Structures are given as C-alpha cells and as structure tokens.
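Chemist: Sequence order for the protein chains is Y and X.
Quick note: the first sequence uses our numbering, first residue 70, plus one each step.
Quick note: the second sequence uses our numbering, first residue 50, plus one each step.
Here a beta-carbon is modelled for each residue, glycine too, at the ideal position from N, C-alpha and C.
Quick caveat, the model's predicted, so the values are computed rather than measured.
If you scroll down you'll find the structure; I have some questions about it.
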Amino acid sequence: MSSAQPAWDRDKVLGIINTLKHKPGALMPILHGIQDSIGYVPDDAVPLMAEALNLSRAEVHGTITFYHHFRTTPPGRHKLEICRGEACQAVGANALVAHARKTLGVDFHETTTDGAVSLEQVFCLGNCACSPSIMVDGEVVGEVSADNLDAIVDSLRTRQ
Amino acid sequence: MTVTVYVSRDSTAISKGADKVARAIAFEAAKRGATIDMVRNGSRGMFWLEPMVEVSTPEGRIAFGPVKPEDVPELFEANFLYGGQHHLNLGLTEEIPYFARQQRLTFARVGVTDPVSLDDYIAHDGYRGLANALKMTGADIVEEVATSGLRGRGGAAFPTGIKWRTVLGAASDQKYIVCNADEGDSGTFSDRMIMEGDPFVLIEGMTIAGLAVGATMGYIYLRSEYPYAEVALNEAIAVANARGYLGADILGSGKTFHLEVRRGAGAYVCGEETSLLESLEGKRGMVRFKPPLPALEGLFGKPTVVNNVISLASVPIILDQGGANYQEYGMGRSRGTLPFQLGGNVKHGGLVEAAFGMTIRELLYDFGGGTRSGRPIRAVQIGGPLGAYVPESQFDLPLDYEALAAENAMLGHGGLVVFDDTVDLAQMARFAMEFCAIESCGKCTPCRIGSTRGVEVIDRIVEGTERPRQVILLRELCDTMLSGSLCALGGMAPYPVLSALNHFPEDFGVSKPAGKAA
Chain Y
70 MSSAQPAWDR
80 DKVLGIINTL
90 KHKPGALMPI
100 LHGIQDSIGY
110 VPDDAVPLMA
120 EALNLSRAEV
130 HGTITFYHHF
140 RTTPPGRHKL
150 EICRGEACQA
160 VGANALVAHA
170 RKTLGVDFHE
180 TTTDGAVSLE
190 QVFCLGNCAC
200 SPSIMVDGEV
210 VGEVSADNLD
220 AIVDSLRTRQ
Chain X
50 MTVTVYVSRD
60 STAISKGADK
70 VARAIAFEAA
80 KRGATIDMVR
90 NGSRGMFWLE
100 PMVEVSTPEG
110 RIAFGPVKPE
120 DVPELFEANF
130 LYGGQHHLNL
140 GLTEEIPYFA
150 RQQRLTFARV
160 GVTDPVSLDD
170 YIAHDGYRGL
180 ANALKMTGAD
190 IVEEVATSGL
200 RGRGGAAFPT
210 GIKWRTVLGA
220 ASDQKYIVCN
230 ADEGDSGTFS
240 DRMIMEGDPF
250 VLIEGMTIAG
260 LAVGATMGYI
270 YLRSEYPYAE
280 VALNEAIAVA
290 NARGYLGADI
300 LGSGKTFHLE
310 VRRGAGAYVC
320 GEETSLLESL
330 EGKRGMVRFK
340 PPLPALEGLF
350 GKPTVVNNVI
360 SLASVPIILD
370 QGGANYQEYG
380 MGRSRGTLPF
390 QLGGNVKHGG
400 LVEAAFGMTI
410 RELLYDFGGG
420 TRSGRPIRAV
430 QIGGPLGAYV
440 PESQFDLPLD
450 YEALAAENAM
460 LGHGGLVVFD
470 DTVDLAQMAR
480 FAMEFCAIES
490 CGKCTPCRIG
500 STRGVEVIDR
510 IVEGTERPRQ
520 VILLRELCDT
530 MLSGSLCALG
540 GMAPYPVLSA
550 LNHFPEDFGV
560 SKPAGKAA
C-alpha cells in the first residue's frame, strides 16, 4: 500500500519529529506538526516516529487511527467540514449534508474527482447559535444554506 | 479625536462576517480621514446581533448591529463613530435587555476588553485574584474555593474544592493542572467564548490552581475544532510569560507555573477526563478505570487537577471577591452562576450568564425569544448530546443540577438546543446512539456494542417490526448501558433516547403510557 503513496519530504518530517520529540507526550504534537505541514500523516512516517519516541509501530498506528482528525492519505486542495451536531440538525444540517454529498458526488472522508474538495463531518464547531455551520479550510461559516454552500464550493474549485 | 471601535474576533462573529466588517470600517475610515482605534474584542454573546460594532462615547459604548460590510459607508454618513442615529443603532450596549438582565461574574470582561491585552485585563480587575492567592497558603486557597460552592462546570458538577483538597494532600515530586477545553457538546460554546474573549482569566485561574495544590505545570487540552481559541490562548500565554505572570518566578514570588496548549484531534470521548489524560500522554484516548482517581494518579501517573475551562475561569473572581460572595448566587446546592448557551432553532441565540434557578421557560422565551423558524418549541435538549430531550410540560423547572436530575434530565455544561415542532424525536434518539457508536473509545462492551445495537433496535421500532418487543428491548439495552458503561459516554447516551421515548412516544409509533413513564 505504502508504495502507492505520493512522495513526501522526509527531511521536513524528520525535522518536525526531532524538534518535538523531547516534549512529554510528544506523539500528538508530532502528528499535528506533520499534518499541519504536509496535509496528512503518511504510513511511511510511522516507523520514523516509532523509532524517535521508542514506541512500537503498532502504538503509533493505533494513536493515528483513533482520532478522526488525522488522515493517512493526501487531502484535496480544500477541506470542507459540515457540522452534524444537534444544534445544526435543529435548523437543517441533515438536508445540507445530503445536498453536499449530491452536488460534490462524494461521501464523508472522500475527495472530489478534480481534487478540489475533501468532505468531512464534524460534531460541533461551537457556533451553535448561528447554525447550520461549516468550516472551510479552518474558517467557520455560520447560517449556511444550500445556495451559500454552492457558492463556497464554486469559489474553492476555482481557487488553488 | 480618536474613537475606539470594537469589532469582535469571536469565531461566531467571524462566521457571520466580522472580519469583512472590520476591514470595511478600516477602509472607510482611512478614505474619510477619520482616526479610529480598532479593538478586536470578544463577543458580548448576543449572536443574532453579530457582527456587532461598538463605539465608545462619553455616555458609554453604543452598539450597532447586525452590520454588513455594505452598511459601513452609510454608518459613517450617519456619524456612527459618535453614536449617530441609524436603523442599526441598538443604543447603549449594556442597556440591551438581553445583556442587562444577566449576572456576569465569570464573563465580566468578555466582549468588553481586548482579549490579548494584559494591560486591559489588569485595568478591568484582572490578576487581583492571583495577587491575593500569592499571599495565601495552598490550603487557604483550596478552602476559599470550597467555600464558594463551585462545582465542576464541565457537566459532572463535582465540588472543585474537594478535588483540589485531594491533590493538595497527595505527596509527589510533580503535580499537574489540566484544563479540559475539549468542549465537544453540541449546543455549548462558553469555553470557546472565554478562551477567545478573555484568555487571561483562564491563565490566571490555572495559575491559582497551581499555587493551591503545588503544581508547577499546566496543560490546556484544546479541541482541534477551535483554531481561533488556540491563537488567542497562545498570544495571551506569550504575553503572560514575557511579563512575569507565568514562568519560573511568578511576579517575584519564587513560585513556578508553566502553561502549554495541547491540541486534541476530534475525539468526543477525550472530554472524559481519563481519556483526555491518555491523549495528552500521546496515546489512544481510551477511558481508564477509576480508581485510581486522576487526583492521585493522573497525567503521567502524577496527582492531577482536571477541571473544565469555566470552572478554572471562575476561580479568579472567587479569589478576588471571596468564596462567600460567590456562593450567595444560585439555589440549593448549585451555587454561583452558570453561563447558559442558547443554540439550535432559537431566535436570539447566545450566551446568558445567570445565577442558577432561572426556569427553562424564562431562558427559552424571555432571552431566546422562541424559535428562529417562528414555529412552536417542541423540545429542548439540555446538556449536550448525552442530555435529555425536555418537553414543554417541564419548562417551568428551574435550571439547577438537582432539579433537573430529579426528572432524569441534566444540566451538564449548560447548553440548550431548541427544536421546533418539525423535529422527529425518534430520529434524534437514533442519532444519539449513532453518535455514541462513532465516538465510543471501545473499551467497554455496553457502549461499544450497545450503541450499534441501539441504532438497529430504534430502526426496527420506527419500521414497526415487532414494535412492543423492540421497545422493551430498547429499554433493557438502555438500562445495561446506564449501569454497565465505564464512563458517561455509554452511561448517559440512554438519556436522550429514553427521554425521547418517554416524552414523545408518538414519534416512535408508540402510544403514550397511562402513568408517568420511568
């Protein structure tokens, strides 16, 4: 499987590991550091982390796979997260999710065929007074309608 | 003359366009040669009015809102910098009834000050609690917090003073203060608001906690869904370190307290304290067996205080004004104030800090103004995804830990999610089980397996397959989860399910029971 993964900058990842490995409980900061830097945590980086932290590869793999936030494949150019919390459901989040799936042609944890948008679900963005909410590349947008969403997706497709 | 203009940096304000409004104001001011001093404050918590712009006038701050970027030129035409008349002019901010009727203790500065200005914090009574604490023994600080009656604001409502006393009494070469900022409950945002709007109050509260129990290191475990809070916290921590309010020698006292923000990674169960500690240690967020209590064997096996953001952020005012003063607010065993949060299908969503004891109805209608859709309120879920669905017949209950518990409901972290009469409670019950299945850490069987079986059983009830037998099965399953789960995730997921079934049986195709349902 790992041979099918695209190339990633090994020195950059090693740099992140070496900068953070001395912290107590360093694995989570390292995983965030890698994903923030290159967009995902490659399978081939697991042995590097295991060696640096004196953990088994299974322990590192186990931590990565426990958390919804970490991904092991490269993301699309943009990340679109739709909140499915109860407050958002109270004002139409389920319809918004159905609309997004249909118009993007993908399910959660998938990326559109043009590589523009990765769709994710999220449970609460803390924006519950202005639901339904989405997060676009880390930026919260409130009171989102299907039309708003289409406009946002269009702009993401044209942006690099 | 320079006018101070306030535009919030709160993420809800930004989600409604506050950044664009701020840019439009700066652009228009430059074009017109008006000198303004723009402060990006926290939010006052009146979110239907965001983006809300405030200007300082000799009479006090005057609010305008909700402001769209295209409104900005005409606001300047209307001389809004000096409180000019305009249809968006809301008058003096602090006289807006929604705000004026609150009792803001923990949120005293949120929306008022520049969140990352230490000078502003100090000018608004900040760090007075720490000044007092530095003159006290650890035991005296703990007793002051015990006197206040403060109970854990994350939802479990355990007395904070007792927790601290246990950690103080534990002998160890290292102790920790861990702030649980994994605010995952839908319908809650008070932790987020305080971290974005007044991060120094949390830093001060954690520092005082460190002095109280003898801990020199603190971690804020912050959910990854809150990137703006992370920015604000790290800005404030850097300032506090630079100015001697954190670090190896706090204000020349010789006392040490270091603080670091750690980011979670989208696991709801990490809001459970032992799962959170596992995550901080770099592991899967698997719930631990208790005992040992984290107070005795917590982070890295050392005695650890784990408190919610609001609990810790309430400590500075307790140390400043005294525990006796704080405990004068509230009712019964629920002392002090709680920042209630109104979300979902509500007209006036936002944050309402008030003493315990207000009725659900007052909060929903007097503050919330009913639904956003204009339809009748049918149900309100109180206390997050593990909280009960409360029907209209119970809206006169007071918002108090014990009063809600007596009705098989819970106050939790103080979030209320409003639903109108289009809601299908059978589907919400199904979602509660689905959510539990997605977020279960998998350590205990009732939660791991029970949640998936719960989804299936509810589906069969809704389809009408052997309905009476499946209802009995669902109740038995809920009983197993309630009694047999290791933590609150599996142990409380039955609350929304059973409350939906008991109060809204018609949504499941079940007729109303004759007597009061168990």
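Can you find the residues in the same chain that come closer than 6 angstroms, C-beta to C-beta, to Y:Thr172, ignoring five residues on each side of it along the sequence?
Modeler: By one-based count along the first sequence, residue 172 of chain Y stands at place 103. None.
Chemist: So, helix, strand or coil for X:Met482, using DSSP?
Modeler: Numbered from 1 along the second sequence, position 433 holds the residue referred to as residue 482 of chain X. If DSSP states are grouped into helix, strand and coil, X:Met482 belongs with the helices.
Chemist: Which runs of the alpha helix (DSSP H) spanning at least 4 residues fall entirely within the stretch 257-335 of chain X, listed in chain order?
Modeler: Listed in chain order, they are 276-291 and 322-329.
Chemist: Could you check if Y:Ser224 is buried or exposed, using at least 16 other CB atoms within 10 Å of its CB as the buried criterion?
Modeler: Counting from 1 along the first sequence, the entry for residue 224 of chain Y is found at position 155. Label assigned to Y:Ser224: exposed.
Chemist: Under the three-state reduction of DSSP, which class applies to Y:Val186: helix, strand or coil?
Modeler: Within the first sequence, numbered from 1, the residue matching residue 186 of chain Y stands at position 117. Correct three-state label for Y:Val186: strand.
Chemist: State yes or no: is the C-beta of X:Gly347 within less than 7 angstroms of the C-beta of X:Leu326?
Modeler: Residue numbering aside, residue 347 of chain X sits at position 298 when the second sequence is read from its first letter. Residue numbering aside, residue 326 of chain X sits at position 277 when the second sequence is read from its first letter. A contact, by the Cβ cut-off of 7 angstroms.
Chemist: Contact criterion: CB-CB distance below 7 angstroms. Does Y:Phe135 meet it with respect to chain X?
Modeler: Within the first sequence, the letter at position 66 stands for residue 135 of chain Y. Closer than 7 angstroms to some Cβ of chain X, the Cβ of Y:Phe135 qualifies, so yes.
Chemist: Taking the Cβ atom as the reference point for each residue, do X:Gln443 and X:Ser239 lie within a distance shorter than 7 angstroms?
Modeler: Locating residue 443 of chain X in the second sequence gives position 394, counting from the first residue. Locating residue 239 of chain X in the second sequence gives position 190, counting from the first residue. Contact: no.
Chemist: Evaluate X:Gln430 with the Cβ neighbour count: other Cβ atoms within 10 Å of its Cβ, from every protein chain shown; 16 or more gives buried, anything less gives exposed.
Modeler: One-based indexing of the second sequence puts residue 430 of chain X at position 381. The residue is buried, with at least 16 neighbouring Cβ atoms inside 10 Å.
Chemist: Which word fits Y:Gly207, buried or exposed, when buried means at least 16 other C-beta atoms lie within 10 angstroms of its C-beta?
Modeler: Mapped onto the first sequence, residue 207 of chain Y falls at position 138. Label assigned to Y:Gly207: exposed.
Chemist: Among all the DSSP beta bridges, which residues are the ones paired with Y:Val191?
Modeler: Working through the first sequence from its first residue, we reach residue 191 of chain Y at position 122. Y:Cys152, per the DSSP bridge assignment.
Chemist: What does X:Tyr275 touch in chain C if you count any residue whose Cβ is under 9 angstroms from its own?
Modeler: In the displayed structure, chain C is absent; the protein chains listed are Y and X.
Chemist: Look at the Cβ atom of X:Asp120, then the Cβ atom of X:Ser92, and state whether they are nearer than 7 angstroms.
Modeler: Within the second sequence, numbered from 1, the residue matching residue 120 of chain X stands at position 71. Within the second sequence, numbered from 1, the residue matching residue 92 of chain X stands at position 43. Going by C-beta atoms, X:Asp120 is not nearer than 7 angstroms to X:Ser92.
Chemist: With 7 angstroms as the C-beta to C-beta threshold (strictly closer), list the residues of the stretch 118-135 of chain Y near chain X in chain order.
Modeler: Listed by position along the chain: Gly131, Thr132 and Phe135.
Chemist: Buried or exposed, going by whether 16 or more other CB atoms sit within 10 Å of the CB of Y:Asn87?
Modeler: Locating residue 87 of chain Y in the first sequence gives position 18, counting from the first residue. The residue is exposed, with fewer than 16 neighbouring Cβ atoms inside 10 Å.
Chemist: Could you have a look at Y:Met97 and say whether DSSP puts it in helix, strand or coil?
Modeler: On the first sequence, position 28 is the one that residue 97 of chain Y refers to. In the structure shown, Y:Met97 sits in a helix (DSSP, three-state: H, G or I).
Chemist: Shorter than 7 angstroms from the beta carbon of X:Arg72 to some beta carbon of chain Y?
Modeler: Position 23 of the second sequence holds residue 72 of chain X. Chain Y contact via Cβ: absent.
Chemist: Could you check whether the stretch 305-320 of chain X touches the stretch 136-145 of chain Y, counting it as contact only if at least three pairs of C-beta atoms, one from each stretch, sit closer than 8 angstroms?
Modeler: Contact between the stretch 305-320 of chain X and the stretch 136-145 of chain Y is present, because at least three Cβ pairs lie under 8 angstroms.
Chemist: Considering only the beta carbon of each residue, do X:Pro118 and X:Lys224 sit closer than 7 angstroms?
Modeler: Taking the second sequence and counting its residues from 1, one reaches residue 118 of chain X at position 69. Taking the second sequence and counting its residues from 1, one reaches residue 224 of chain X at position 175. Not closer than 7 angstroms, so no.
Chemist: Would you say Y:Ser224 reaches chain X, if we count a Cβ-Cβ gap shorter than 7 angstroms as a contact?
Modeler: To locate residue 224 of chain Y, count along the first sequence from 1; it is residue 155. Chain X, which has no Cβ nearer than 7 angstroms to the Cβ of Y:Ser224, makes this no.
Chemist: By Cβ distance below 6 angstroms, which residues in the same chain neighbour X:Val208 in space, the five residues on each side in sequence not counted?
Modeler: The sequence position of residue 208 of chain X within the second sequence is 159, counting from 1. Per the sequence shown, residue 208 of chain X should be read as Pro rather than Val. These residues qualify, in order along the chain: Arg200.
Chemist: What does the alpha-carbon distance come out to for the pair X:Arg89 and X:Lys69?
Modeler: Counting from one through the second sequence, the residue named residue 89 of chain X turns up at place 40. Counting from one through the second sequence, the residue named residue 69 of chain X turns up at place 20. Looking at the two C-alpha atoms, the distance is approximately 12 angstroms.
Chemist: At which residues does the alpha helix (DSSP H) containing X:Ile226 begin and terminate?
Modeler: By 1-based counting over the second sequence, the position of residue 226 of chain X is 177. Taken as a continuous stretch (DSSP letters only), X:Ile226 belongs to no alpha helix (DSSP H), being part of the beta strand (DSSP E) at Tyr225 to Ala230.
Chemist: Taking contact to mean at least 3 C-beta pairs separated by less than 8 angstroms, is the stretch 278-291 of chain X in contact with the stretch 321-337 of chain X?
Modeler: The stretch 278-291 of chain X, when compared against the stretch 321-337 of chain X, does not touch it at the 8 angstroms Cβ threshold.
Chemist: What in chain Y is Cβ-close to X:Phe238, meaning under 8 angstroms?
Modeler: Along the second sequence, read from residue 1 onward, the residue named residue 238 of chain X stands at position 189. Those within 8 angstroms of X:Phe238 in chain Y are Gly195, Asn196, Cys197 and Ala198.
Chemist: Give me the chain X residues within the contact set of Y:Ala156, using Cβ-Cβ distance strictly less than 7 angstroms, ordered along the chain.
Modeler: The sequence position of residue 156 of chain Y within the first sequence is 87, counting from 1. Result: Ser235, Gly236, Gly392, Gly393 and Val466.
Chemist: Give the DSSP-derived three-state secondary structure of Y:Gly228 in the structure shown.
Modeler: Working through the first sequence from its first residue, we reach residue 228 of chain Y at position 159. Position check: residue 228 of chain Y holds Arg in this sequence, whereas Gly was assumed. Here Y:Arg228 sits in coil by DSSP.
Chemist: Could you round the C-beta distance between X:Pro600 and X:Asp234 to whole angstroms and report it? I think they count as a contact, below 8 angstroms.
Modeler: Any property of residue 600 of chain X remains undetermined from this structure, which presents chain X solely from 50 to 567.
Chemist: Shortest alpha-carbon distance to X:Ala75 belongs to which of X:Asp169, X:Leu124 and X:Asp168?
Modeler: Here the question's residue 75 of chain X lines up with position 26 in the second sequence. Among X:Asp169, X:Leu124 and X:Asp168, the Cα nearest to that of X:Ala75 belongs to X:Leu124.
Chemist: Do the stretch 146-164 of chain Y and the stretch 119-127 of chain Y touch if we need at least three Cβ pairs shorter than 8 angstroms?
Modeler: Flag = no, the stretch 146-164 of chain Y and the stretch 119-127 of chain Y do not touch.
Chemist: DSSP three-state call for X:Asp189: helix, strand or coil?
Modeler: As a position in the second sequence, residue 189 of chain X is number 140, starting the count at 1. In this structure, X:Asp189 counts as helix in the three-state DSSP scheme.
Chemist: How do the stretch 170-186 of chain X and the stretch 263-279 of chain X stand: do at least 3 beta-carbon pairs fall below 8 angstroms, yes or no?
Modeler: Touching, no.
Chemist: Roughly how many angstroms lie between the CA atoms of X:Ile409 and X:Val439, to the nearest whole one?
Modeler: To locate residue 409 of chain X, count along the second sequence from 1; it is residue 360. To locate residue 439 of chain X, count along the second sequence from 1; it is residue 390. Distance between the alpha carbons of X:Ile409 and X:Val439: 10 angstroms.
Chemist: Roughly how many angstroms lie between the CA atoms of X:Ala403 and X:Arg382, to the nearest whole one?
Modeler: Translated into positions along the second sequence, residue 403 of chain X becomes position 354. Translated into positions along the second sequence, residue 382 of chain X becomes position 333. Approximately 15 angstroms between the Cα atoms of the pair.
Chemist: Name the chain Y residues that come within less than 8 angstroms of X:Ala230, Cβ to Cβ?
Modeler: In the second sequence, counting from the first residue as 1, residue 230 of chain X sits at position 181. Residues of chain Y passing the Cβ test: none, with the nearest at roughly 11 angstroms.
Chemist: With a threshold of 7 angstroms between beta carbons, is Y:Gly84 in contact with chain X?
Modeler: One-based indexing of the first sequence puts residue 84 of chain Y at position 15. With 7 angstroms as the cut-off, Y:Gly84 does not count as an interface residue toward chain X.
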